[in-house]
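Undergrad: Residue numbers (my numbering): 16 to 468.
All C-beta atoms in this analysis are idealised placements derived from N, C-alpha and C, irrespective of residue type, glycine included.
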Ligand SMILES: Cc1ncc(COP(=O)(O)O)c(C=O)c1O
């Protein structure tokens, strides 16, 4: 076998519409996801859709959310490797391959990350035959390191936690001086934007068919790399009335007001405006308290009786287990908050994303147990009221005004000029044409991927 051959994987169109994959390949892929996680055919399982081509989602019970609007959550836990971050990892690698920039056998892949992207990179590199190094802070949840090691990547740890991601970028910057090292730079590279605008955005649009008025009134996502937020660009292109809210930890409110604190929501709030964040479509920045997300996760995971007492059927309460991680709860709390703030009604849909599931957070709930003297049901019942159902519209900032956009452009300059990006390039991002042109490249890459097979 020619080990310099470009690996075989899906196009953007096939990730959005897996029914377009050759049926024999699809069948092999469906078997592999149950039987052999490490079979490269699993690349064809990178999609939001299930075997009947329906978007995997849950509509939250209103007894939980206490708002009239429908809160629709897309579920990332079913992606190979357990989170949708595998999508941007694959897209960035395959684009590099078909552009001839990343050559199997010649190059080592670097994955700067706080976890899930690193897990995605380790997994994808294993499937596609590349050596990989994941660069991440040394204080993240232990489940993350275990997975990365299991997928065969090397770990290069920098000091700190979630909010110290800039140290991983600096380390990557050093390592990439060696031309054999190729970073999959999720914060900077447009395949992350393309994957989420094309695959996630269009999947979200399909997901609301038959729910409420079948449109999307609001999309909420807490940016790490801000890749997921790009789904909002496609949602706005199809439903121009849709509002996009970027969520941040209250403890690390970088976009809202330059805040740079430590927080507990792994995967988001990385103390920067990422290069691939299209701030033109960010209508609101909304802050969510980190411990509310951890407590909210505890309630959905272990508070089934409390949810049933609140009027949720036992089956539905049970079905809420295992689907969310801490940032998924953050996105849900942001969706509820925005539904209330925008006065949305029963015909309206708010879409958000659960990046991953509970499998990588048991240690986070153990830690919560150590930090709280009591976790009895009456405490969880109070959290249901105080966290999910509070009529609280604090910390919602309207970013549609020119001065607010300027604040984000300036934040981006502060964050990216030091890494060698030119002001002219950043200025091009002030026009929607820049982003639409990037999106249009999906077609070109799909042709290249198809030809390389
Ligand atoms: C758990 C989790 N939630 C949310 C995000 C943020 O997603 P994005 O990088 O697309 O903004 C990440 C990113 O790694 C993540 O790992």
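Spatial neighbours of residue 453 within its chain, please: C-beta separation below 7 Å, excluding the five flanking residues on both sides.
TA: 205, 208 and 209
Undergrad: Starting from residue 452, trace the alpha helix (DSSP H) in both directions and tell me its first and last residue.
TA: 447-467
Undergrad: According to DSSP, which residues form a beta bridge with residue 151?
TA: Per DSSP, 172.
Undergrad: Since residue 40 is in the beta strand (DSSP E), which residue starts that stretch and which ends it?
TA: That residue, residue 40, is in no beta strand (DSSP E); its alpha helix (DSSP H) goes 38-50.
Undergrad: What residues in its chain sit with their C-beta under 6 Å from that of residue 145, if we drop five residues either side in the sequence?
TA: Same-chain partners within the cutoff: 124.
Undergrad: May I ask you to list the residues that DSSP assigns as paired with residue 198?
TA: 125
Undergrad: Using only the alpha-carbon positions, how far apart do residue 246 and residue 213 sit?
TA: 7 Å
Undergrad: Unbroken alpha helix (DSSP H) runs of length 4 or more, entirely within the region 315-364: which are they?
TA: The DSSP assignment places 319-324, 329-334 and 341-356 as complete runs of the alpha helix (DSSP H) inside the region 315-364, in order along the chain (cut-off: 4 residues).
Undergrad: Say the cut is 6 Å; is the CB of residue 131 nearer than that to a heavy atom of ligand 1?
TA: yes
Undergrad: Just mark residue 126 as buried or exposed, buried being the case when its beta carbon has 16 or more other beta carbons within 10 Å.
TA: buried
Undergrad: What are the boundary residues of the alpha helix (DSSP H) that includes residue 160?
TA: Annotation: the continuous alpha helix (DSSP H) that includes residue 160 extends over 157-165.
Undergrad: Would the region 240-255 and the region 159-167 be scored as touching if the rule is three or more Cβ pairs under 8 Å?
TA: no
Undergrad: Should residue 72 be labelled buried (16 or more other beta-carbon atoms within 10 Å of its own) or exposed?
TA: It counts as buried.
Undergrad: Following a CB-centred definition, is residue 241 positioned closer than 6 Å to any heavy atom of ligand 1?
TA: yes
Undergrad: Looking only at its chain, what residues have a beta carbon closer than 6 Å to the beta carbon of residue 177, apart from the 5 residues adjacent to it on each side?
TA: 129 and 281
Undergrad: Skipping 5 residues on each side, what residues in its chain have a beta carbon closer than 6 Å to that of residue 17?
TA: A caution first: residue 17 carries a pLDDT of 48, below 50, which makes its placement in the model unreliable, though a value can still be read off. No residues qualify anywhere along the chain.
Undergrad: When you compare the CB positions of residue 327 and residue 296, do they come within less than 7 Å of one another, or not?
TA: no
Undergrad: Taking a contact to mean a Cβ-Cβ separation below 7 Å, would you say residue 370 touches residue 350 in this structure?
TA: no
Undergrad: When you compare each of 299, 305, 293 and 290 to residue 283 by their alpha carbons, which one comes out closest?
TA: 305
Undergrad: Going by alpha carbons, who is nearest to residue 264 out of 217, 86, 286 and 251?
TA: Looking at the Cα atoms, 286 is the closest of the given residues.
Undergrad: When you compare the CB positions of residue 223 and residue 364, do they come within less than 7 Å of one another, or not?
TA: Contact: yes.
Undergrad: Would you check whether ligand 1 has a heavy atom nearer than 6 Å to the C-beta of residue 126?
TA: no
Undergrad: Quick check on residue 131: buried or exposed, where buried means 16 or more other Cβ atoms within 10 Å of its Cβ?
TA: buried
Undergrad: Helix, strand or coil: which one does DSSP assign to residue 28?
TA: helix
Undergrad: Just to check my reading of the structure: residue 226 and residue 85 have Cβ atoms closer than 8 Å, yes? What is that Cβ distance to the nearest angstrom?
TA: Between residue 85 and residue 226 the Cβ distance is about 5 Å, and since that is below 8 Å, they are a contact.
Undergrad: Give the single residue among 93, 143 and 97 whose Cα lies nearest to the Cα of residue 111.
TA: 143
Undergrad: Look at residue 150 and residue 105 and say whether their C-beta atoms are less than 7 Å apart.
TA: Residue 105 is positioned such that its CB atom lies no closer than 7 Å to that of residue 150.
Undergrad: Taking only runs that begin and end inside the region 61-90, name each unbroken beta strand (DSSP E) of 3 or more residues, in chain order.
TA: 72-74 and 85-90
Undergrad: Is residue 370 a contact residue of ligand 1, with contact defined as CB to any heavy atom under 6 Å?
TA: yes
Undergrad: Using three-state DSSP, classify residue 17 as helix, strand or coil.
TA: Note that residue 17 has pLDDT 48, beneath the 50 cutoff, so the model's placement of it is unreliable and the number below is only indicative. It is coil, neither helix nor strand.
Undergrad: Do residue 80 and residue 372 have their C-beta atoms closer together than 7 Å?
TA: Not in contact: residue 80 and residue 372 (Cβ atoms no closer than 7 Å).
Undergrad: How about the region 396-416 and the region 306-326: do they share at least three Cβ pairs that are nearer than 8 Å?
TA: yes
Undergrad: If you check the beta carbons only, do residue 345 and residue 432 fall under 7 Å apart?
TA: Going by C-beta atoms, residue 345 is not nearer than 7 Å to residue 432.
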